[in-house]
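There are 2 protein chains.
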Amino acid sequence: MFEKYFSERIKNTPSSFIREILKVTQNSEIISFAGGLPNPISFPQEALKVSMNRIADKYGAKIYQYSTTMGLDSLRQYIVDRYKRIWGMNITIDNVIITTGSQQALDLLGKIFINEGDNVMVEKPSYLGLLQSFCMFRANFVQTKLNDDGLDLEDLKNTLKTYKPKAAYLIPNFQNPTGLTYTQENRKKVFDLIKDEDMILIQDDPYGELRFEDGERIPYIGMNESEKNVYLGSFSKIVTPGMRLGYIIANKEIIKMAETAKQASDLHSNIFGQYLISDYLYNNDLDAHIAKIKKLYKSQAAAMVKSMEDNFPKEIKFTHPKGGMFTWVTLKEGSDVLKLFDKAIAKKVAFVPGHPFYVKPDKVNTLRLNYTNADEKTIETGIKRLAEALGEI
Amino acid sequence: MFEKYFSERIKNTPSSFIREILKVTQNSEIISFAGGLPNPISFPQEALKVSMNRIADKYGAKIYQYSTTMGLDSLRQYIVDRYKRIWGMNITIDNVIITTGSQQALDLLGKIFINEGDNVMVEKPSYLGLLQSFCMFRANFVQTKLNDDGLDLEDLKNTLKTYKPKAAYLIPNFQNPTGLTYTQENRKKVFDLIKDEDMILIQDDPYGELRFEDGERIPYIGMNESEKNVYLGSFSKIVTPGMRLGYIIANKEIIKMAETAKQASDLHSNIFGQYLISDYLYNNDLDAHIAKIKKLYKSQAAAMVKSMEDNFPKEIKFTHPKGGMFTWVTLKEGSDVLKLFDKAIAKKVAFVPGHPFYVKPDKVNTLRLNYTNADEKTIETGIKRLAEALGEI
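Going down the list, the sequences are from chains A and B. Numbers 1 to 393, taken from the numbering used here, label the letters of the first sequence in order. Numbers 1 to 393, taken from the numbering used here, label the letters of the second sequence in order.
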């Protein structure tokens with residue numbers, strides 16, 4: 001009955017496929033590889049309980065009062081110090097704004113950059129949360145092919161030439177949904193192609209810290225070389241997602257605009273959570289904590305890959321993630337993943353069909369599997385069920 | 001340098017006047033009546049500390065994990081029960097979505113209802129956070145005069161006839177910025193005029209619980225009589241604003257759309273805060289707590305009114321609030337409130353000039369004063385300083 005009142009924007013925005021699937025799979029015997037949930041045993045519960053009592057005693061009413069839109073200074077300073085140490089970035093807290101999860105960072109960037117019909121380049125496939133978010137601002141998405149080593153350079157050239165995108169959104173580390181990571185070489189070539197374009201480059205990086213093997217981190221595309229670079233980060237995958245705390249790092253002029261957009265969006269992110277996470281970070285060894293999470297996810301990823309190797313038909317392809325939370329499965333050419341989905345649900349295993357990661361999803365034969373929210377034994381059982389379903393399509 | 005990249009929307013959205021003023025007045029000797037902060041002594045700190053330890057022990061990892069977009073069921077149920085008890089509303093939790101403060105409720109409603117150029121009716125003056133928020137969606141605001149007893153009915157008739165607004169945004173109780181409350185009679189007449197219009201009526205009510213005198217509450221406009229009514233509420237003024245928790249109550253179809261918009265905006269509001277506030281509400285007497293806040297604010301409001309009566313020139317008018325957090329001062333016709341603002345800052349007292357509450361602020365001779373965040377003695381000192389400043393313009 002409200003059809004005539006709703007905006008064009010909302011009528012054109014799909015409800016999140018994944019969150020609809022999550023509803024189906026909640027409270028049932030279904031083994032779900034559909035979500036993107038961190039393993040709850042990775043949350044530093046004891047340390048957080050110590051921190052919450054400490055901030056209550058130390059700061060009193062401040063942890064409950066209205067606060068600044070930019071976010072808590074000490075938390076922003078922690079981010080500055082970490083990015084300076086790891087990446088040598090020349091930034092201050094004026095380059096950092098705290099957001100209500102990375103999802104809000106996308107909303108704010110959409111608000112400040114996107115006019116209706118603006119071309120935005122994304123990977124093919126891309127993160128559905130970005131597609132949903134920028135859809136609100138009626139962006140025109142252009143998808144550029146993603147290969148095992150990063151963006152397809154020919155496709156990138158064509159995209160730049162044909163569409164002159166105003167912004168690009170990339171996830172260079174352990175991409176969602178594919179689990180793929182751009183090589184250092186690919187990043188350099190991508191930057192060579194885009195550096196003279198009139199284009200804002202947004203690099204989202206919720207998973208970069210979750211690299212299974214120790215060793216050198218690969219710098220961001222054009223890192224420390226472009227004022228048009230915007231970096232997103234999050235505490236969701238390395239401390240806790242429940243507090244909804246992420247951040248944007250960018251040129252001060254961009255951050256200032258994001259601040260205005262955030263005033264209009266939620267005034268500020270919950271200040272209790274900011275005090276809590278800040279206290280946790282300054283009083284604990286984040287790297288030691290991340291090391292534990294990586295060890296856990298590495299074995300879970302290995303269990304999933306091995307189980308797929310052992311049970312899937314040979315013609316089924318899948319990525320071998322070196323970090324992050326997902327693997328991406330490609331069925332035989334012409335297979336219908338929605339048919340597989342129905343068979344899989346009947347066998348009590350769930351995944352995300354590839355559709356929501358494409359701008360124009362017609363014949364889709366891909367799917368995303370998450371391995372972080374189930375133990376190795378459950379992963380094996382679930383993959384066996386999925387293999388059985390594969391045999392029936 | 002980024003001018004060419006920014007969206008039209010953000011270039012047309014003013015940064016919040018008030019939050020800019022708050023920056024000026026922070027960490028100084030200025031007595032500030034500019035903010036809208038609850039008195040921090042009203043936060044139930046001890047009870048919240050008990051609750052946070054209880055939820056940590058009781059729910060473990062759940063208070064840190066991703067959660068549902070609609071919000072925590074127990075918190076939504078509390079809201080349902082309260083509105084049923086107080087107002088006899090026939091609602092279930094499907095009519096309620098938790099938002100990241102009331103400000104996000106405005107953002108979500110803008111997202112789902114407003115196309116560029118849609119006419120939206122607001123009070124004159126109106127809440128600046130709404131003006132800022134809907135400005136993002138390029139609404140065309142129409143301001144309808146607000147009198148001591150509610151909306152000006154002739155002006156309302158003209159507005160409806162001339163502009164046929166798609167939505168109206170009203171604050172019927174202890175309005176921000178004026179402190180005015182619509183009488184029961186005015187509400188009935190307003191509803192008679194609007195009930196057959198194709199218009200969504202949004203009633204924002206952050207202050208309704210803060211009625212200084214006990215006695216009968218006045219029902220919302222068209223309460224329980226219109227499916228086109230949307231109600232907003234918040235825990236910011238009665239428990240704590242720092243958690244950023246508010247809610248929308250509306251027809252299920254509207255809530256469903258708001259859910260999609262929220263998925264794209266921040267996935268969900270911080271779940272720790274939702275468990276915390278829910279636990280607090282079920283284990284404490286909210287009405288007893290609100291009674292304490294009301295007693296405090298009543299005496300602070302009385303101190304401000306008395307001090308203005310004693311010190312202001314007779315030609316200065318101001319509202320006598322019966323609840324809420326603000327009083328609204330009108331200077332002599334032709335006075336320039338910005339001139340007063342400069343004089344006041346020089347005398348170390350701050351307020352919000354009327355400008356941000358108007359859609360077209362030219363010659364403004366009004367200002368907003370907040371009385372909830374200073375003790376009676378400080379209020380007296382601040383009003384005396386303001387009276388001195390008044391003598392100099």
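Just so it is clear, CB atoms sit at the ideal spot from N, CA and C, and this is done for glycine as well.
Exposed unless 16 or more other CB atoms sit within 10 angstroms - verdict on residue i
i	result
B:R85	exposed
A:T92	exposed
A:N95	buried
B:M1	exposed
B:G242	buried
B:I79	buried
B:D266	buried
B:E209	buried
A:E225	exposed
A:E213	exposed
B:N12	exposed
A:K363	exposed
A:D192	exposed
Under 9 Å by beta carbon: chain B residues contacting residue i
i	result
A:Q184	What A:Q184 touches in chain B: nothing, since even the nearest Cβ is about 28 Å away.
A:L37	Q65 and Y66
Residue i to residue j span [Cα, whole Å]
i	j	result
B:D263	A:E29	According to the sequence shown, residue 263 of chain B is Gln rather than Asp. Computed Cα separation, rounded: 26 Å.
A:L72	A:K58	15 Å
B:D118	B:Q143	14 Å
A:D375	A:T381	10 Å
A:T162	B:N147	57 Å
A:L201	A:E259	19 Å
B:M89	B:I255	16 Å
A:A301	A:Y371	6 Å
B:I249	B:R211	21 Å
B:F235	B:Y280	11 Å
B:N270	A:I383	33 Å
A:G150	A:A346	36 Å
A:N173	A:E185	14 Å
B:K62	A:I293	18 Å
B:T183	B:I218	8 Å
B:L232	B:L245	11 Å
B:G273	B:T68	14 Å
Chain A residues whose Cβ lies nearer than 9 Å to that of residue i
i	result
B:Q104	T100, S265, D266 and L267
B:Y5	I112, F113, K166, A167, D198, M199, I200, K228 and I254
7 Å Cβ cut-off: residues of chain A touching residue i
i	result
B:E253	M1 and F2
Nearest residue (CA-CA) to residue i, options the options
i	options	result
B:K394	A:K11, A:Q45, A:N53 and A:I112	The requested residue 394 of chain B does not occur in the structure, where chain B is confined to residues 1 to 393.
A:L153	A:F174, A:R138 and A:K188	A:K188
A:H289	A:E315, A:I97, A:L37 and A:Q45	A:Q45
A:Y282	A:E123, A:D192, A:K164 and A:R82	A:R82
A:T366	A:K145, A:K377 and A:T178	A:T178
A:P313	A:L331, A:M325, A:G323 and A:K292	A:L331
A:P356	A:M257, A:G129 and A:D192	A:G129
B:I41	B:E315, B:K157, B:L296 and B:E333	B:L296
A:S126	A:L170, A:T99 and A:A105	A:L170
B:G60	B:G222, B:Y275, B:K145 and B:A105	B:Y275
A:W87	A:L338, A:D285, A:T159 and A:G222	A:G222
Contacts of residue i in chain B (Cβ-Cβ under 7 Å)
i	result
A:P40	A61 and Q65
A:P241	Q65 and Y66
A:G150	Residues of chain B passing the Cβ test: none, with the nearest at roughly 24 Å.
A:I10	K111, I112, M257, T260 and A261
A:F272	G242, M243 and G273
Chain A residues whose Cβ lies nearer than 8 Å to that of residue i
i	result
B:D107	A264, S265 and D266
B:F43	A61, Y64 and Q65
Cβ-heavy atom distance, residue i to the ligand MN, below 8 Å
i	result
B:D73	Within the structure as shown, the ligand MN is missing, as the structure has no ligands at all.
Within chain B, the residues that residue i reaches when beta carbons sit closer than 8 Å
i	result
A:M325	Ordered by position in chain B, no residue passes the 8 Å Cβ test against A:M325, which lies about 12 Å from the chain.
A:T13	T260, A261 and A264
Quiz prompt | Within 7 Å of chain B by C-beta, residues of the region 256-267 of chain A in sequence order | solution = M257, T260, A261, Q263, A264, S265, D266 and L267
Quiz item: Using a beta-carbon distance cut-off of less than 8 Å, what residues from the region 125-144 of chain B approach chain A?
Solution: G129, Q132, S133, C135, M136 and F137
Quiz prompt | Chain-ordered residues of the region 46-72 of chain B with a beta carbon less than 9 Å from chain A | solution = L48, K49, M52, N53, A56, D57, G60, A61, K62, I63, Y64, Q65, Y66, S67, T68 and T69
Exercise. Note down, in chain order, all residues in the region 274-287 of chain A with a beta-carbon under 7 Å from any beta-carbon belonging to chain B.
Key: none
Self-check item: Chain-ordered residues of the region 165-180 of chain A with a beta carbon less than 9 Å from chain B
Solution: K166 and A167
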